[in-house]
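Read in order, the letters of the sequence shown correspond to residues -19 to -1, 1 to 157 in mature numbering (1 follows the signal peptide of the UniProt record, and there is no 0).
All C-beta atoms in this analysis are idealised placements derived from N, C-alpha and C, irrespective of residue type, glycine included.
All figures in this text were calculated on a predicted structure; none of them were measured in a lab.
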Amino acid sequence: MRQCLIFLICLPLLGLTLAKKVEIDNLYRAILKDQEGIEHKNLLIDLLIDNVLGLCYVSCPGGASLVPRPDPIVDINGCGSYNIHIDFELFNAGEFNQCCNGHDVCYESCDSTKNKCDTTFERCLKDVCNTWAAEQNWGLIQKTACSGVVKAMNEAVENFGCNAYKKAQLRGCKCP
């Protein structure tokens, strides 16, 4: 699975090197950093149970709605989860970090569903690609590469983000 993740993120970035000087070797090392700390058990449970069965939500007893905590513990950590972190600033692509931070904030918002947050995240990433393409007059290769990065990041949050969403909801919200 590690090789698949690296392939999905690194391959599309090869095309970005033509316009944004993305440092592929450093990106590869960043993706491999802290790989040994992945919580395989939680990841498997997250994927097989929560995502497949569509159980990715936090609910209160009696159907009450979550309310914001008075002093929430905000955890804005850039792009990553499960001890995999990618700092896109290192690759001259820091605008992606802003999308990730917005995604973190959304996950902690009591009135946001995981689907709403993931959709907004994908739109942000696509907007970044579109801005770069317009500013730098990208060709098909660069546009396709950036779209590949967006797809890989979006699929990661859609397929593996349930546990992170639930933890964020519990940090930022509580039952009345």
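At the 9 angstroms Cβ level, is residue i part of the contact set with chain D, yes or no?
i	result
A126	Protein chain content of the structure displayed is limited to a single chain, and chain D is not contained in it.
Do you know how far the Cα of residue j is from the Cα of residue i?
i	j	result
N50	K107	Just to set this straight, residue 50 is Arg in the shown sequence, not Asn. Their backbone Cα atoms lie some 32 angstroms apart in a straight line.
A45	P53	19 angstroms
V48	D92	8 angstroms
N7	P157	Low local confidence applies: a pLDDT of 45 at N7 is under 50, so the model's placement there is unreliable, and no value is given.
W113	C41	43 angstroms
Q123	V109	13 angstroms
C81	A137	12 angstroms
C37	Q117	39 angstroms
S128	L121	10 angstroms
A74	V39	33 angstroms
N96	F102	10 angstroms
residue 161	K147	An answer regarding residue 161 cannot be provided, because it is not within the stretch -19 to 157 covered by the chain.
Return the bridge partner residues of residue i from the DSSP annotation.
i	result
H66	G61
P49	C154
What's the call for residue i, buried or exposed, on a 16-neighbour Cβ count within 10 Å?
i	result
D99	buried
I57	exposed
A115	exposed
V55	exposed
G43	exposed
Between the Cα of residue i and those of the options, spot the shortest distance and give me the residue it belongs to.
i	options	result
C60	L151, G153 and N135	N135
C154	C105, E70, T94 and K124	T94
D85	Q150, P157 and C156	Q150
E139	G75, N64, Y88 and C41	Y88
Y63	N144, R152 and P157	N144
N111	A137, F77 and P42	F77
R104	N118, V131 and H66	V131
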